[in-house]
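Colleague: Once you've had a glance at the structure underneath, I'll fire off some questions.
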Amino acid sequence: MALRVAFIGFRHGHIHSLCDLLKARDDVEIVAACEEDPEARAGLADSDVAITHDSYEAMLGDVECDVIACGDYYGARGEELIRALEAGRHVIADKPLCTRIDELDRIEALARDRGLCVGCMLDLANAP
C-alpha cells in the first residue's frame, strides 16, 4: 500500500522539492494539496502542483492520508503540524518546524504520546 501524503502550504520553495521527490516514488501517493492564501494559490497556476483544497480544516477532515507535509510560512507551521498530529497524522515540514517553544513542546508531546513521526526537511545536509 502506498504512503498517502497531503500538503499544506506552498509558500517556501523547498516544499516543491519534497513534492517532486515524492512524485517520483512508486510507493507514495500525493492525495491532496491545500493552499489557503488566494495570492499564493494563484501563483501556483503555472506549476505542476494540483491544489485540491483552499481550507486546511476541510482537507484534514475530508482526506484520508498518512502524512501531512507542511511548507507554509514559518509562523503558521507549528499550529498546522499540531492540528495534523492531533488528527493522527505523521508530519514533515520544511525548516523550521515551528517558531515558538510552546509549539515545539506540544509537537513533541503529541508525537510521543500517539506514536507519530515528525520529520524535518534538511535537504542541504548532503551538500558539499
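Whatever position you read off the sequence shown (first residue = 1), add 46 for the working numbering.
C-beta: ideal position from N, C-alpha, C; glycine also.
Predicted model, so just to flag it, every value in this text is computed and none were measured.
1) Ordered along the chain, which non-local residues of its own chain (more than five positions away) have a Cβ less than 7 Å from that of GLU82?
2) Which partner residues does PHE53 have in the DSSP bridge list?
3) Are the beta-carbon atoms of ALA79 and PHE53 separated by less than 7 Å?
4) Which residues share a DSSP beta bridge with ILE138?
5) In three-state DSSP terms, what is HIS58?
6) List the endpoints of the continuous alpha helix (DSSP H) containing GLU110.
7) For the candidate residues VAL74, ILE114, HIS62, whose alpha-carbon lies nearest to that of VAL95?
8) For CYS111, which residues in the same chain have their Cβ closer than 8 Å to its Cβ, ignoring the five residues on either side in sequence?
9) Taking 8 Å as the limit between beta carbons, can you name the residues of its chain near LEU90, skipping five residues before and five after?
10) Between the alpha carbons of LYS69 and GLU75, how many angstroms are there, rounded?
Modeller: Looking at the atomic coordinates:
1) Your numbering for residue 82 matches position 36 in the sequence shown. Result list for GLU82: ASP100, SER101, TYR102, in chain order.
2) Taking the sequence shown and counting its residues from 1, one reaches residue 53 at position 7. DSSP output for PHE53 lists ALA79, ALA115 as bridge partner(s).
3) Translated into positions along the sequence shown, residue 79 becomes position 33. Translated into positions along the sequence shown, residue 53 becomes position 7. Yes. Within cutoff.
4) Locating residue 138 in the sequence shown gives position 92, counting from the first residue. DSSP output for ILE138 lists ALA115, GLY165 as bridge partner(s).
5) Within the sequence shown, the letter at position 12 stands for residue 58. HIS58 falls in the coil class under three-state DSSP.
6) Translated into positions along the sequence shown, residue 110 becomes position 64. Element bounds for GLU110: n/a, residue is neither H nor E.
7) Counted from its first residue, the sequence shown places residue 95 at position 49. If we check each option's Cα against that of VAL95, HIS62 comes out closest.
8) If you number the sequence shown from 1, residue 111 lands on position 65. These residues qualify, in order along the chain: ARG50, VAL51, ALA52, VAL77, ALA78, ARG135.
9) Indexing the sequence shown from 1 puts residue 90 at position 44. Excluding positions up to five away in sequence, the list reads PHE56, GLU81, ILE97.
10) To locate residue 69, count along the sequence shown from 1; it is residue 23. To locate residue 75, count along the sequence shown from 1; it is residue 29. Roughly 7 Å separates the two Cα atoms.
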